[in-house]
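Taken in order, the sequence shown gives residues 7 to 133; the numbers are from this note's numbering.
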Amino acid sequence: LALLVLQIDTLNHTPYEKKDMDLLLFAVNSLIERNIPTDKHLAPAVVDKQQATILINQSGTKEEFMAELNETARMIQEKAEAELQLSVSIGISQPFDVLTKAKTAYAEGSEALKYRLKAENKSIIFY
Numbered sequence: 007l008a009l010l011v012l013q014i015d016t017l018n019h020t021p022y023e024k025k026d027m028d029l030l031l032f033a034v035n036s037l038i039e040r041n042i043p044t045d046k047h048l049a050p051a052v053v054d055k056q057q058a059t060i061l062i063n064q065s066g067t068k069e070e071f072m073a074e075l076n077e078t079a080r081m082i083q084e085k086a087e088a089e090l091q092l093s094v095s096i097g098i099s100q101p102f103d104v105l106t107k108a109k110t111a112y113a114e115g116s117e118a119l120k121y122r123l124k125a126e127n128k129s130i131i132f133y
């Protein structure tokens, strides 16, 4: 398992306003539900001003799973831009093996997103 924490980079140069943020995060939930097979993720959730999704490792090795996480994050970014005209960044937790570690994984994904300030918009950052 690994947790992806998605954050909208900015609403500048989009048709949206700050008041639309919650609806946009739920739209991202829907985008994820439509584009990631249900056997590869648990139900996405909105937490504060972020969107969180737990992905399930079906790849086998840690290296294969990390590559799949990166590929999935890129696909989410591309779909968010194409369908919603949104630039998003994604923080990815360390892999974990039991759901009771999801709280720590969420903290890791959120912490990774703090480094996007040093990077740029549309970042994918592993913890």
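Yeah, the Cβ is synthetic: ideal placement off N, Cα and C, and Gly gets one too.
### Query
Opposite L5 in the DSSP bridges: which residues?
The structure shown does not extend to residue 5, since the chain spans only 7 to 133, so no value can be given for it.
### Task
Might you give, ordered along the chain, the residues of its own chain that have their beta carbon closer than 7 Å to the beta carbon of N76, omitting 5 neighbours on each side?
Excluding residues within five positions, the ones whose Cβ falls inside 7 Å are I130.
### Query
Tell me, which residues are paired with G97 by DSSP?
Its beta-bridge partners are V11 and I131.
### Query
From S99 to P21, what distance separates their C-alpha atoms?
Rounded to whole angstroms, S99 to P21 spans 31 Å at the Cα level.
### Query
For V52, which residues from the same chain have a beta carbon less than 8 Å from its beta carbon, with the 5 sequence-adjacent residues on both sides left out?
If we look at V52 and ignore the five residues flanking it on each side, its Cβ neighbours are D28, L31, F32, N35 and A58.
### Query
Is I82 near V11, with beta carbons less than 8 Å apart?
When the beta-carbon positions are compared, I82 and V11 stay at least 8 Å from each other.
### Query
Can you tell which of G66, A86 and A8 has its C-alpha closest to the C-alpha of I135?
The displayed coordinates of the chain run from 7 to 133. Any statement about residue 135 would go beyond what the structure contains.
### Task
With DSSP collapsed to three states, give me the class of A49.
Reduced to three states, the DSSP call for A49 is coil.
### Message
Helix, strand or coil for T106? Go by DSSP, reduced to three states.
### Response
Secondary structure of T106 (DSSP, three-state): helix.
### Simplified DSSP state of T16, which is helix, strand or coil
In the structure shown, T16 sits in a strand (DSSP, three-state: E or B).
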